[in-house]
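Colleague: In this note's numbering, the protein residues as written are 2 to 502. Starting off with a structure, shown below.
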Amino acid sequence: MEDLKNLEVWFVTGSQNLYGAETLQQVEVHSREIAGALSEVTTIPVQVVFKPILTGPTEIRALCLEANSAPECVGLITWMHTFSPAKMWIAGLNALQKPFLHLHTQYNRELPWAEIDMDFMNLNQSAHGDREFGFIASRLRLTRKVAVGHWKDADVQAEIGSWSRAACAWADWQGMKIARIGDNMREVAVTEGDKVEAQRRLGFSVNTYGVGDVAAYINEVTDQEIDRLIAEYLDFYEVVPELRPGGERHQSLREGTRQEAGIRHFLDNGGFKGFTTTFEDLHGLHQLPGLAAQRLMADGYGYGAEGDWKSAAMVRAMKVMGTGLPGGTSFMEDYTYHFTSAGLKILGAHMLEVCPSITAQKPKLEIHPLAIGGKADPVRLVFDSKTGPAVAACIVDMGSRFRMVVNKVEAVPLDEPLPKLPVARALWEALPDAKTAATAWIQAGGSHHTSFSLDLTPEHMEDFAGMAGVEFLLINEDTRLAEFKKEIKWNDLYYHLAKGI
């Protein structure tokens with residue numbers, strides 16, 4: 002993954018010439034200090050770059066157009082140090098194609114009671130300057146995040162950090178390419194969707210490639226490259242004896258390794274950031290690419306099983322948002338339930354493809370039969386997930402719009418070992434409780450595949466959904482089914498009417 006410090010958020014301060022050169026110079030000094038300080042905050046992963054003070058419509062529009070064309074700029078932080086008449090922001094904001102966060106703060110934390118005079122009041126007018134800016138943003142019906150509080154406060158910095166991570170993921174989606182290797186799992190509904198509309202609204206393209214196109218890359222992988230990767234496996238994983246060099250099934254590992262290297266070459270050569278596979282289309286492959294999907298996800302590629310391109314896009318976005326964080330993100334599936342008198346737990350897994358970034362263990366590299374797909378036994382990494390707060394999220398195509406559904410969950414230790422389950426897995430308790438969460442998820446039309454992250458919070462997901470312009474439904478500790486059902490109905494009406502607004 003790219004270091005997010007290579008990306009920038011531009012710190013944009015509004016004022017007006019009415020106050021004179023001395024006041025504007027002080028505005029610039031304060032703005033430079035705030036931008037520089039925010040750029041050093043560890044919870045903000047990008048560079049915060051000061052931009053010259055804006056005092057008129059021509060320069061505002063010019064800066065917004067510059068931001069649009071600057072690939073390193075993922076968004077703007079706007080702040081009105083003084084009063085900044087908002088009509089002069091209309092042309093710029095209408096032209097702006099990058100997300101923006103409205104920071105409602107002021108330079109000084111406390112009022113200097115004994116020294117306050119009108120010069121101080123004229124300089125420090127954020128309290129009403131930001132309200133003027135807020136009006137025009139609302140009048141233009143622009144989606145943005147508003148962070149309120151002193152710029153040195155940790156909670157304000159965390160809000161900026163969450164938003165900037167989402168902005169990095171949104172920038173990553175623009176022009177992103179996803180390779181659908183084979184097609185959708187036949188007759189499955191939720192993994193389908195309007196790929197043209199996704200490209201128009203969300204920025205990434207999805208195209209299908211025949212398995213033979215990928216098999217050609219796999220077949221060109223050299224023995225030397227396979228040997229190099231297997232040496233890496235022996236260092237990173239607990240490889241079972243039968244798969245080790247000289248083991249009776251070592252050739253199966255070599256085939257799995259060949260798949261990893263070949264798919265990686267195919268993705269890199271095509272400039273893809275995500276991909277899908279399906280067990281119903283494996284012509285030319287010896288086994289379902291389980292190890293390959295796991296390893297490629299660990300390196301930041303988006304992935305979706307059974308042709309699920311929306312999950313591939315979500316996994317990629319959530320990996321970008323989580324860059325540098327320790328928890329990990331993976332493709333996942335709510336697989337089966339554990340009903341007990343103490344409550345319901347959800348066991349998440351998939352046939353093979355769960356990312357090792359979500360484990361603190363040394364994964365085991367094993368081989369087992371797979372009673373689906375009709376191919377040779379596939380190799381795979383087996384492990385338990387880390388524990389702690391997490392989110393499970395999906396994007397579904399509702400026909401008239403895309404909808405993001407997010408469930409706040411708590412990953413918990415396994416109640417007992419799973420010695421006969423030959424796949425990676427996670428166990429979690431869904432909030433507010435599993436029964437309410439499952440009901441709400443199903444009412445919302447959430448998919449059976451999810452993107453599961455121990456790095457991200459609902460705030461990250463809501464920030465990202467706002468930038469993407471997709472409907473956002475959150476299931477958390479405050480969810481009440483009656484209200485949640487009403488929210489779905491209200492949203493249906495809103496998105497129907499919003500087409501004409």
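Cβ coordinates follow ideal geometry from the N, Cα and C atoms, glycine included. Being a predicted model, the structure only gives us computed values, none of them experimental.
Evaluate V30 with the Cβ neighbour count: other Cβ atoms within 10 Å of its Cβ, from every protein chain shown; 16 or more gives buried, anything less gives exposed.
Modeller: The residue you call residue 30 lines up with position 29 of the sequence shown. Classification for V30: exposed.
Colleague: Give the list of continuous alpha helix (DSSP H) stretches no shorter than 4 residues that lie fully inside the stretch 242 to 270.
Modeller: Qualifying alpha helix (DSSP H) stretches: none in this window.
Colleague: Where do the N-terminal and C-terminal ends of the beta strand (DSSP E) with W442 fall, by residue?
Modeller: Position 441 of the sequence shown, counted from the first residue, corresponds to residue 442. Note, W442: premise wrong, no beta strand (DSSP E); alpha helix (DSSP H) at 435 to 445.
Colleague: For the putative contact between G349 and Y336, defined by C-beta atoms under 8 Å, what is the C-beta separation to the nearest angstrom?
Modeller: Along the sequence shown, one-based indexing puts residue 349 at 348. Along the sequence shown, one-based indexing puts residue 336 at 335. Yes, G349 and Y336 are in contact; Cβ-Cβ is about 6 Å, under 8 Å.
Colleague: Can you name the start and end residues of the alpha helix (DSSP H) that Y496 belongs to?
Modeller: In the sequence shown, the residue the question calls residue 496 occupies position 495. First-last of the alpha helix (DSSP H) with Y496: 482 to 499.
Colleague: Once you ignore the five residues that flank R381 on each side, which residues in its own chain have a CB closer than 6 Å to its CB?
Modeller: For the purposes of this step, residue 381 is taken as residue 380 along the sequence shown, with counting starting at 1. Closer than 6 Å at the Cβ level, and outside the excluded window around R381, lie G291, L292, L353.
Colleague: Determine the DSSP secondary structure at W174, reduced to helix, strand or coil.
Modeller: As a first step, residue 174 must be located in the sequence shown, where it is residue number 173. Helix, per DSSP.
Colleague: May I have the straight-line CA-CA distance separating W114 from M468, to the nearest angstrom?
Modeller: For the purposes of this step, residue 114 is identified with residue 113 of the sequence shown, where counting begins at 1. For the purposes of this step, residue 468 is identified with residue 467 of the sequence shown, where counting begins at 1. Approximately 41 Å, taken between the alpha carbons.
Colleague: Below 6 Å CB to CB, which residues in the same chain sit around T44 once its five sequence neighbours on both sides are set aside?
Modeller: Counted from its first residue, the sequence shown places residue 44 at position 43. Closer than 6 Å at Cβ, skipping near neighbours: Q158, A159, G162.
Colleague: Residues bridged to E239 by DSSP?
Modeller: Sequence index remark: in the sequence shown, residue 239 carries index 238 (1-based). K365, per the DSSP bridge assignment.
Colleague: Which same chain residues end up closer than 6 Å to F267 when comparing Cβ atoms and leaving out the 5 residues on each side of it in sequence?
Modeller: Within the sequence shown, residue 267 is the residue found at index 266, counting from 1. Excluding sequence neighbours, F267 sits near V215, Y218.
Colleague: Of the choices V47, A393, D416, whose alpha-carbon is the least far from that of V410?
Modeller: Locating residue 410 in the sequence shown gives position 409, counting from the first residue. With distances taken between Cα atoms, V410 lies closest to A393.
Colleague: Between which residues of its own chain and I54 is the CB-CB distance below 7 Å, once the five residues before and five after are set aside?
Modeller: On the sequence shown, position 53 is the one that residue 54 refers to. Counting only Cβ-Cβ distances below 7 Å, and skipping sequence neighbours, we find T14, S16, L25, V28, E29, S32.
Colleague: Which residues bound the alpha helix (DSSP H) around E133?
Modeller: Looking up residue 133 in the sequence shown gives position 132. Element bounds for E133: 127 to 140.
Colleague: Helix, strand or coil: how does DSSP classify P390 here?
Modeller: Start at 1 with the first residue of the sequence shown, and residue 390 comes out as number 389. It is a strand residue.
Colleague: Provide the residue(s) that pair with W429 in DSSP beta bridges, ordered along the chain.
Modeller: As a first step, residue 429 is located in the sequence shown; it is residue number 428 there, counting from the start. DSSP output for W429 lists I347, A412 as bridge partner(s).
Colleague: According to DSSP, is T24 part of a helix, a strand, or is it coil?
Modeller: The sequence position of residue 24 within the sequence shown is 23, counting from 1. In this structure, T24 counts as helix in the three-state DSSP scheme.
Colleague: Measure from the alpha carbon of Q1 to the alpha carbon of each residue in R265, M177, A128, L283, then state which is nearest.
Modeller: Because the chain here runs from 2 to 502, residue 1 falls outside it and cannot be looked at.
Colleague: To which residues does DSSP link W11 through a beta bridge?
Modeller: In the sequence shown, the residue the question calls residue 11 occupies position 10. V50, L77.
Colleague: Per DSSP, which residues does V383 bridge with? Please list them.
Modeller: Here residue 383 is taken as the residue at index 382 of the sequence shown, counted from 1. In the DSSP output, where bridge partners are listed per residue, V383 has K365.
Colleague: Decide if the stretch 372 to 381 is in contact with the stretch 441 to 460; the criterion is three or more beta carbon pairs, one per stretch, under 8 Å apart.
Modeller: Contact between the stretch 372 to 381 and the stretch 441 to 460 is absent, because fewer than three Cβ pairs lie under 8 Å.
Colleague: Below 8 Å on the Cβ atoms is my contact criterion, and I expect I182 with Y210 to pass it. Report the Cβ-Cβ distance as a whole number of Å.
Modeller: Walking along the sequence shown from the start, residue 182 turns up at place 181. Walking along the sequence shown from the start, residue 210 turns up at place 209. Right, the Cβ-Cβ distance comes to about 6 Å (below 8 Å), so this counts as a contact.
Colleague: For L97, collect the residues of the same chain with a Cβ closer than 6 Å to its Cβ; drop the 5 residues on either side in sequence, then sort them by chain order.
Modeller: By one-based count along the sequence shown, residue 97 stands at place 96. The residues are C65.
Colleague: Around the C-beta of P100, are 16 or more other C-beta atoms found within 10 angstroms, so that it is buried, or is it exposed?
Modeller: Reading the sequence shown from its first residue, position 99 is the one you call residue 100. Result: buried.
Colleague: Roughly how many angstroms lie between the CA atoms of R140 and V197, to the nearest whole one?
Modeller: Taking the sequence shown and counting its residues from 1, one reaches residue 140 at position 139. Taking the sequence shown and counting its residues from 1, one reaches residue 197 at position 196. In a straight line, the C-alpha of R140 is about 30 Å away from that of V197.
Colleague: Three or more C-beta pairs closer than 8 Å, one from the stretch 248 to 262 and one from the stretch 382 to 389: is that the case here?
Modeller: Segments in contact, no.
Colleague: Can you grab the Cα-Cα spacing for the pair P357 / P364, in whole Å?
Modeller: What you label residue 357 is simply residue 356 of the sequence shown in a count that begins at 1. What you label residue 364 is simply residue 363 of the sequence shown in a count that begins at 1. P357 and P364: Cα-Cα distance of roughly 7 Å.
Colleague: Exposed or buried, which one is I359 when buried takes at least 16 other CB atoms within 10 Å?
Modeller: In the sequence shown, the residue the question calls residue 359 occupies position 358. Classification for I359: buried.
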